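Written below as structure tokens is the structure these notes are about.
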Amino acid sequence: MMFLASVFYSKNKTPEKITYSWQNFLSELSASIPLFMISYFSGVSLEKSVSMALYVFVAAGWYYSMMAHKYVISDRVLKIRAVVNFVAITSGLYLFVIDNVIISGLAGIVFAVVSEKDYKITRKLIEVGLLEIKHAEIGAGRLFYAVFYGLGMVVALMIITGNYSASFIRESLLTMFGLLYIFTTMFLPFGTLIGWLRLKAHGVGIDEQ
């Protein structure tokens, strides 16, 4: 949420085009490290804490795809992010959801491939006029608010119940990230498929100039 909040707040204060750089990576890392520390010191296992921290990079990649008109990302960076997404989704599904490494791994592979294509598809949709920039930005905003409300509900429950214990934080994080991994694994590929079908219906290739 910290990463999404920073980019969402500054999106109108930055240049029209932003080339992905180490500064963007460090912004993601600066959000994932505190998340790891909070989860680990609340009693979450090391493996699950790492998986939670990796979700920051998944969410960031999804945001960049939705804002493809603004962020310029090289093919090399997209491939690196695809590998990170594979590790994150595989570990997230295995540790939080289905406890089956084969199914989790297959889902991770599919997600990694799709996430790499998602950025290019969104960019092409905008370039050919099949997706308006304002609608892309609305989608990016909804991603921000979805994560924000999820964490907000956890905080609200803590206030209402008066339970600020580490065990409550731990169980809340485990539940929330289980839902986040399910939601992300389902909806990002679905959106990518819809975008690809729209391009195909209009006879447009992803890599066409």
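Residue numbering for the sequence shown follows my numbering, starting at 13 and increasing by one per position.
Backbone N, C-alpha and C define an ideal beta-carbon position, used for all residues, glycine too.
None of these values were measured; they are calculated from a predicted model.
| said: With H, G and I counted as helix, E and B as strand and the rest as coil, what does DSSP make of V140? | reply: Three-state DSSP puts V140 in coil, outside helix and strand.
| request: Would you list the residues sitting across from V84 in a DSSP beta bridge? | output: Under DSSP, V84 shares a beta bridge with T31.
| field | Inter-residue spacing [alpha-carbon to alpha-carbon] between A71 and G174 | value | Taking the straight line from one Cα to the other gives about 30 Å.
| query | Would A94 pass as a contact of S127 if the rule is Cβ separation under 7 Å? | reply | Cβ atoms of A94 and S127: closer than 7 Å.
| message | If contacts are defined as beta-carbon pairs under 8 Å, then T134 and A80 qualify, I think. What distance do you get, rounded to the angstrom? | response | About 4 Å separates the beta carbon of T134 from that of A80, a gap short enough to meet the 8 Å contact definition.
| Three-state class that DSSP yields for Y67 in the structure shown | The answer is helix: DSSP assigns Y67 an H, G or I state.
| Could you give the residue range of the alpha helix (DSSP H) that holds M79? | No alpha helix (DSSP H) holds M79; DSSP gives it neither H nor E.
| request: Could you have a look at S116 and say whether DSSP puts it in helix, strand or coil? | output: Helix at S116.
| said: If you measure between the beta carbons of A100 and L143, is that distance less than 7 Å? | reply: For the pair A100 and L143, the CB atoms are not nearer than the 7 Å cut-off.
| request: Would you give the residue range spanned by the alpha helix (DSSP H) that I226 belongs to? | output: In the structure as shown, the chain begins at 13 and stops at 221. Residue 226 is therefore absent and cannot be evaluated.
| query | Out of curiosity, what's the CA-to-CA distance linking G119 and E139? | reply | Here residue 119 is Ala; the residue named in the question, Gly, does not match the sequence. Between A119 and E139, the C-alpha separation is close to 30 Å.
| request: For E40, count neighbouring C-beta atoms within 10 Å of its own C-beta (all shown protein chains included) and say buried if the count is 16 or more, exposed if not. | output: When all chains shown are included, E40 counts as buried.
| When the Cα atoms are used, what is the spatial distance from G55 to L105? | Going from the Cα of G55 to the Cα of L105 covers about 20 Å.
| field | 8 Å contact criterion, which Y193 and F108 should meet: CB distance rounded | value | Sure, about 6 Å apart at Cβ, within 8 Å.
| Between S184 and L47, what straight-line distance do the alpha-carbon atoms span, to the nearest angstrom? | Rounded to whole angstroms, the separation of the alpha carbons of L47 and S184 is 13 Å.
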